[in-house]
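Asker:
Numbering (my numbering), first residue to last: 30 to 266.
1) Is DSSP giving residue 194 helix, strand or coil here?
2) Does the Cβ-Cβ distance between residue 135 and residue 84 come in under 7 Å?
3) Pairs of beta-carbons, one from the region 117 to 132 and one from the region 94 to 107, closer than 8 Å: are there three or more?
4) Measure the alpha-carbon distance for residue 248 versus residue 140 and round it to whole angstroms.
5) Considering only residues of the same chain and omitting the five flanking positions on each side of residue 82, which have a CB-CB separation below 8 Å?
6) Taking the C-alpha atoms as reference points, what is the distance between residue 173 and residue 184?
7) For residue 130 and residue 117, I'd like the C-alpha separation in whole angstroms.
8) Residues in the same chain with beta-carbon distance under 7 Å from residue 187, minus the five sequence neighbours each way, listed in chain order, please.
9) Determine the direct distance from the alpha carbon of residue 204 to that of residue 153, and round the result to whole angstroms.
10) Does the separation of the CB atoms of residue 202 and residue 176 fall below 7 Å?
11) If you count every other CB in all the chains shown that lies within 10 Å of the CB of residue 268, and 16 or more means buried, which is it?
12) When burial is assigned at 16 or more other CB atoms within 10 Å of the CB, is residue 133 buried or exposed?
13) Compare the beta carbon distance of residue 253 and residue 147 with 7 Å and say whether it is the shorter of the two.
14) Might you give, ordered along the chain, the residues of its own chain that have their beta carbon closer than 6 Å to the beta carbon of residue 181, omitting 5 neighbours on each side?
15) Enumerate in chain order the residues of its own chain whose CB-to-CB distance from residue 87 is below 7 Å, with the five nearest sequence positions on each side excluded.
16) If you compare alpha carbons, which of 149, 101, 163 is closest to residue 170?
17) Pick helix, strand or coil for residue 87, following the three-state DSSP scheme.
18) Residue 160 to residue 142, Cα distance in whole Å?
If you want it as structure tokens, here you go:
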């Protein structure tokens, strides 16, 4: 699943919002001021192109190559930034609903990078796992030098309105003077919990705090060594 989505509650249709490239190009422009280098940075000819993909993986490890999901786009130079948002990267039963198992998110980090040809084609910019909620941001290698002020944070809204089984993980960055913020969220389930989901959304908007974070946005552990590129996943079907 990719692109920009908007939805309405109470059974209304979901509308997919894909701004035409000429409008996006006009809004962003070809040239922006890069505060990290003090020089002008040239945008891709079609404007900044972001792939936003989200999936609830139901506690499963990556068992098949992910290229079919997004790398055909990357190979055609159609995407500049990949935002991968996953839910339930670990089982959420018992104590697993409260404690983060970092190995679960690590498996997805390495497989996403392999599928996108990191570090040659794309470089990971930020990654965070909070219990089952996972977020990874990668940028085309040619754009990476123009990215700065990368921050990442999280907020749990689950068990006792604090548990990380529900809530959101957010990343913020500056690319050539343009500030971007992306969120991976896992909200209250069931069709009758619209009010609770809206409440969780408001909590994240009000309480997610990038300034309170001290951990690095891109842990070294999650970086894929160059020799590991294109290796198939080791997990059986």
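In this text, a Cβ means the ideal position worked out from N, Cα and C, and glycines have one as well.
Answerer: This is what the structure gives:
1) coil
2) no
3) no
4) 16 Å
5) 30, 31, 98, 99, 111, 112, 113, 114
6) 27 Å
7) 11 Å
8) 193, 194, 195, 196
9) 14 Å
10) yes
11) As displayed, the chain neither begins before 30 nor continues past 266, which places residue 268 out of reach and without an answer.
12) buried
13) yes
14) 155, 157, 200, 246
15) 117
16) 149
17) coil
18) 21 Å
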